[in-house]
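A.B. asks: Reminder that position 154 of the sequence shown reads as 161 in this note's numbering, one-by-one numbering, no gaps. There's a structure below that I have some questions on.
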Amino acid sequence: MRAPRIQQIEEYILKHNTVSLKELCDIFEVSMSTIRRDVAELSRKGIVKKVYGGISANSQASLVPFHARSTVNQSAKQAVCDLAVQFVEEGDVIFIDTGSTTCNMVENLSKFKNITVITNNIDVIIRAIPYPNIQLFTLAGMLNRKNNSLSPMGTEEIFRSYNITKSFLAAAGVSLEGHVSNNTPLETPVKRAAIQRAEQNFLLVDSSKFGVSSLITFCKLTDLDKIITDKKPDDKYIKYCSENSIDLVFP
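What follows is the structure, given as structure tokens:
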């Protein structure tokens, strides 16, 4: 089991850039001594380096591809989607965002008789094909191979035609300053357009995304109706959401 875990730790560090040893212990549910041994091996390979307060990816590291990210925190991501589908109703027109979390919603939609999905997430498209009850609309555009996503031209014009009841969004980071951020500039217009057109906006993030700031802010926390995550966040996030009328949903 050690080799797969080390690979997952590598992917996690590359994605988040800098992490603490305690964070790795919590995420991978192993002891501090085990994490130290795993990190030492990654350090010997030149993949990570020790920095003040934790471990950092070497500057040559790039964004982890979608297929690799999809294996990290998989149980947490599935838990988030299991909660999210509870808010879907018969007849809904929903937007499912790109990301390795949101694609886990699809199988749970098989129980509905009448559901419409709009997406630029290739993995969502592939997973939805076997389910004739899902009316599927795809946002065609340039292929982003790292994220398995499509980035259409004229995003605002495309979305103007759709009446979306609920959008289910993904993010790389959620900060206490009220920012929801993303790593990929080409995906940002799609996220913003979906938020503008949807009656309700749901953010689906596993707990590792809290306290993280990524490249581009695509919305404010106050643009969201609900944040769905896999476990109770720190009290400071609960306080912020309560003060700003954002529903925080967790098991």
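For each residue, glycine too, the CB sits at the ideal point set by N, CA and C.
What residues in its chain sit with their C-beta under 6 Å from that of F166, if we drop five residues either side in the sequence?
C.D. replies: Correct list, in chain order: A200, R204.
A.B. asks: Looking only at its own chain, which residues have a Cβ that is under 8 Å from the Cβ of T108, when we skip the five neighbours before and after it?
C.D. replies: For T108, where only same-chain residues beyond five positions count, the Cβ hits under 8 Å are K84, V87, C88, A177, L211, V212, D213.
A.B. asks: Going by Cα to Cα distance, which pick from T229, D254, L228 is closest to K239?
C.D. replies: Nearest option by C-alpha distance: D254.
A.B. asks: Is the beta carbon of A64 less than 8 Å from the beta carbon of N127?
C.D. replies: No, these two residues do not count as a Cβ contact at 8 Å.
A.B. asks: Do the region 172 to 191 and the region 132 to 143 make contact, defined as three or more Cβ pairs closer than 8 Å?
C.D. replies: No: fewer than three Cβ pairs fall under 8 Å.
A.B. asks: Could you tell me the boundaries of the alpha helix (DSSP H) in which M160 lies?
C.D. replies: Neither: M160 is in no alpha helix (DSSP H) and is coded neither H nor E.
A.B. asks: Kindly indicate the opening and closing residues of the beta strand (DSSP E) around D270.
C.D. replies: Lying before the first or after the last residue shown, residue 270 is absent from the chain, which here runs from 8 to 258.
A.B. asks: Just the Cα atoms here: how many angstroms apart are V71 and G180?
C.D. replies: Any answer about V71 is weak, because its pLDDT of 48 lies below 50 and its placement is not dependable; what the coordinates show is given next. Taking the straight line from one Cα to the other gives about 15 Å.
A.B. asks: Would a C-beta distance cut-off of 8 Å place F217 and Y244 closer than the cut-off?
C.D. replies: For F217 and Y244, yes; Cβs fall inside 8 Å.
A.B. asks: Since N208 sits in a beta bridge, which residues does DSSP pair it with?
C.D. replies: S174, per the DSSP bridge assignment.
A.B. asks: Strictly by DSSP, which residues pair up with N189?
C.D. replies: Looking at the DSSP assignment, N189 forms a beta bridge with I223.
A.B. asks: Could you tell me which whole alpha helix (DSSP H) segments of length 4 or greater appear in the region 103 to 148?
C.D. replies: Listed in chain order, they are 129 to 135.
A.B. asks: Confirm, please, whether the CB-CB distance from I125 to L157 is below 8 Å.
C.D. replies: Their beta carbons are not under 8 Å apart, which means L157 does not touch I125 by this criterion.
A.B. asks: Let me check understanding here. Comparing Cα to Cα, which of T105, G106, Q93 lies closest to S117?
C.D. replies: Nearest option by C-alpha distance: Q93.
A.B. asks: Per DSSP, what kind of secondary structure is S168 in: helix, strand or coil?
C.D. replies: In this structure, S168 counts as coil in the three-state DSSP scheme.
A.B. asks: Count the other C-beta atoms from every protein chain shown that fall within 10 angstroms of the C-beta of F73, then say buried if there are 16 or more, exposed otherwise.
C.D. replies: Unreliable placement is indicated for F73, whose pLDDT of 43 sits below 50; the coordinate value is still reported in the next sentence. F73 comes out buried.
A.B. asks: Would D112 and F175 qualify as a contact pair, given that the criterion is a beta-carbon distance under 8 Å?
C.D. replies: Residue identity check: residue 112 is Met in the sequence provided, not Asp. Result yes, Cβ atoms of M112 and F175 sit closer than 8 Å.
A.B. asks: Taking the alpha-carbon positions, what's the I13 to S38 distance?
C.D. replies: Their Cα atoms are separated by approximately 14 Å.
A.B. asks: Given that a residue counts as buried once 16 or more other Cβ atoms are within 10 Å of its Cβ, and exposed if not, what is L231?
C.D. replies: Classification of L231: buried, given that the 10 Å Cβ count is 16 or more.
A.B. asks: From E96, A91, V100, pick the residue whose C-alpha is nearest to that of C110; which is it?
C.D. replies: Of E96, A91, V100, the residue nearest in Cα terms is A91.
A.B. asks: Tell me where the beta strand (DSSP E) around I234 begins and ends.
C.D. replies: Segment 233 to 235, the beta strand (DSSP E) holding I234.
A.B. asks: Just the C-alpha distance for M160 and G148, rounded to the nearest angstrom, thanks.
C.D. replies: C-alpha separation (whole angstroms): 6 Å.
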